[in-house]
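Read the structure below first, then the notes.
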Amino acid sequence: MRDHSTHTLTSSATLQESRTPAGPPWKRLAETAGLLNESGRLSSTIFEEMSALAVAHDAINLGQGFPDTDGPEVLSRALAESVSGGKNQYATIAGSPDLRGELAEHEALNGRRRPDPDSEITVTAGATEALSVSMLAFLSPGDEVILFEPFYDLYPAIAGLTGARIVTVPLAPPEFRPDPVRLREAFSDRTRMIVVNDPHNPTGTVLDPSEMSQIAELAREHDAIILTDSVYEHLAFDAPSTDPATTDAGRDRTIRVSSASKTFSITGWRVGWAISPPELTRGLRVTKGYLSHSAAAPLQAAVAEALRWARQSDFYDRLRAQYEDQRKILLDGLGATSFDAVSPAGTFFSVASTENVPDSWGRDGTEISERLTANAGVAVVPLQAFATPENRHLYTDWVRFAFCKRPEVLRQATQRLSDSGL
């Protein structure tokens, strides 16, 4: 058994004072993303490292979150028609009117307010650009941005690029839910933005309405922007995620980001969007215009057609059922091993405690992940890679599994773990 007695939470105030990045913008980005060590040497992201290790050892890659099947056939047909139909030149900065119209219908279909396609929806080159543009447009040096950790590594990277100070609210295992007192303490008169990933990668947590309401109320109290990363919006299994823009406090200050990547299994297409009030939309579009200018025009047309097809069918219900089945396969398989997995309420990730994994496999999640790849033929990602140095100790005994793979692949992976004596 590993000793958890020294696990204490670092205060948000201490964290933000100790993580004020310095140097040119790229170094600030690399430092806050955890890619720059004290000697100034750069490393790869944990996803690149584990994927490369998986290739080297012919391991099943349950580390990086990309599906191993193609999306629905409507996408390839619509893309071919778009290209042959001449939709190959620049789209507008705001995005294809057809796609923006379908996105407005998509919001209404899912019980949210129908945004105005012309003044409240911006199409981007993936959710990555939407999130980056949102931070670049509204964060300045000296501002504070609140992140829940463990976090997707893009958030601290772009926050560091802006020169803003990062304040984190740790989601402590095994519940991985925000502490309301700590959340309130994280806000200050310098808070400009809070980033909310819901459903949450990497833990699979889905915030309940009371938690989202507190976020919205605190954001209004401190005049902060709520930036929501909602790319797993259709993979909330037990209860739907709550959009803070549906609350009175969050309505005029929320930027809701999503994309086609996870929903339609097209992570390489890079078509995303940001939905926000007109005042915030203006800032997003000005900033975005000098980055990508526009996402690929034929891909926008194809995604619009896929959204139209999806809302006229039972696609979203089938998608959720598919991932519920794959979640069960992974959890059942891990149940026969020494991993203690948490059943996620959303996303296609499950985190698992390594506390009962034999010491011969390693001392922490990073070492265990490396040995699993080399000796068991299964690649996972250590959860401590998603945290700041101050709080990595909270997640030392945890790893993340991705179940966005075919059922037979998941069964093979868990069988390999079992056969390896885990």
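Letter by letter, the sequence shown follows residues 4 to 425 in this note's numbering.
The beta carbon of each residue, even a glycine, is placed where N, CA and C say it ideally should be.
{"Query": "Cβ pair residue 141, residue 195 closer than 8 Å", "Result": "yes"}
{"Query": "Cβ neighbours of residue 97 in the same chain (closer than 8 Å, five flanking residues each side left out)", "Result": "103, 121, 124, 125, 126 and 288"}
{"Query": "Coil, strand or helix - residue 355 by DSSP", "Result": "strand"}
{"Query": "Per-residue DSSP class, three states only, for residue 249", "Result": "helix"}
{"Query": "Classification of residue 273 by the beta-carbon crowding that lies within 10 angstroms, buried from 16 upward", "Result": "buried"}
{"Query": "When 27, 269, 136 and 74 are compared against residue 297, the one with the closest alpha-carbon", "Result": "136"}
{"Query": "CB contact flag (residue 384, residue 402, <8 Å)", "Result": "yes"}
{"Query": "Three-state class that DSSP yields for residue 188 in the structure shown", "Result": "helix"}
{"Query": "C-alpha gap between residue 177 and residue 344, whole angstroms", "Result": "10 Å"}
{"Query": "Helix, strand or coil at residue 205 [DSSP, three-state]", "Result": "coil"}
{"Query": "Element boundaries [alpha helix (DSSP H), containing residue 323]", "Result": "318-337"}
{"Query": "Contiguous alpha helix (DSSP H) assignments of at least 4 residues, all confined to the region 92-173", "Result": "100-112, 129-141 and 157-165"}
{"Query": "Extent of the continuous beta strand (DSSP E) run through residue 195", "Result": "194-200"}
{"Query": "Inter-residue Cα distance where the pair is residue 94 and residue 303", "Result": "9 Å"}
{"Query": "DSSP beta-bridge partners of residue 276", "Result": "126 and 261"}
{"Query": "Among 280, 242 and 314, the one whose alpha carbon lies nearest that of residue 255", "Result": "280"}
{"Query": "Per-residue burial, residue 364 [other beta carbons within 10 Å of its own, 16 or more giving buried]", "Result": "buried"}
{"Query": "Distance between beta carbons of residue 197 and residue 229, contact taken as under 8 Å", "Result": "6 Å"}
{"Query": "Beta-carbon gap between residue 347 and residue 166 smaller than 8 Å", "Result": "no"}
{"Query": "Cβ neighbour criterion (16 or more within 10 Å) applied to residue 150", "Result": "buried"}
{"Query": "Proximity winner among 168, 270, 87 and 244, relative to residue 391 (alpha-carbon distances)", "Result": "168"}
{"Query": "Enclosing beta strand (DSSP E) for residue 416 [first to last residue]", "Result": "Unbroken run through residue 416 is the alpha helix (DSSP H), 410-422; no beta strand (DSSP E)."}
{"Query": "Per-residue burial, residue 328 [other beta carbons within 10 Å of its own, 16 or more giving buried]", "Result": "exposed"}
{"Query": "Extent of the continuous beta strand (DSSP E) run through residue 401", "Result": "401-405"}
{"Query": "Residue 319 versus residue 310: straight-line alpha-carbon distance, rounded", "Result": "10 Å"}
{"Query": "Residues bridged to residue 343 [DSSP beta-bridge criterion]", "Result": "356"}
{"Query": "Whole-angstrom distance between residue 28 and residue 241, CA atom to CA atom", "Result": "41 Å"}
{"Query": "Residue of 119, 162 and 112 minimising C-alpha distance to residue 131", "Result": "162"}
{"Query": "Proximity below 8 Å, CB of residue 270 to CB of residue 56", "Result": "no"}
{"Query": "Residue 59, buried or exposed, once every other Cβ within 10 Å from all chains shown has been counted against 16", "Result": "exposed"}
{"Query": "When 238, 268, 266 and 234 are compared against residue 258, the one with the closest alpha-carbon", "Result": "234"}
{"Query": "Cβ pair count under 8 Å reaching 3, the region 45-53 against the region 64-75", "Result": "yes"}
{"Query": "Residue 114, buried or exposed, once every other Cβ within 10 Å from all chains shown has been counted against 16", "Result": "exposed"}
{"Query": "Same chain only: Cβ atoms within 7 Å of residue 159, ignoring 5 sequence neighbours per side", "Result": "35, 36, 150 and 169"}
{"Query": "N- and C-terminal bounds of the alpha helix (DSSP H) containing residue 230", "Result": "Note, residue 230: premise wrong, no alpha helix (DSSP H); beta strand (DSSP E) at 228-232."}
{"Query": "Identified DSSP bridge partners for residue 382", "Result": "64"}
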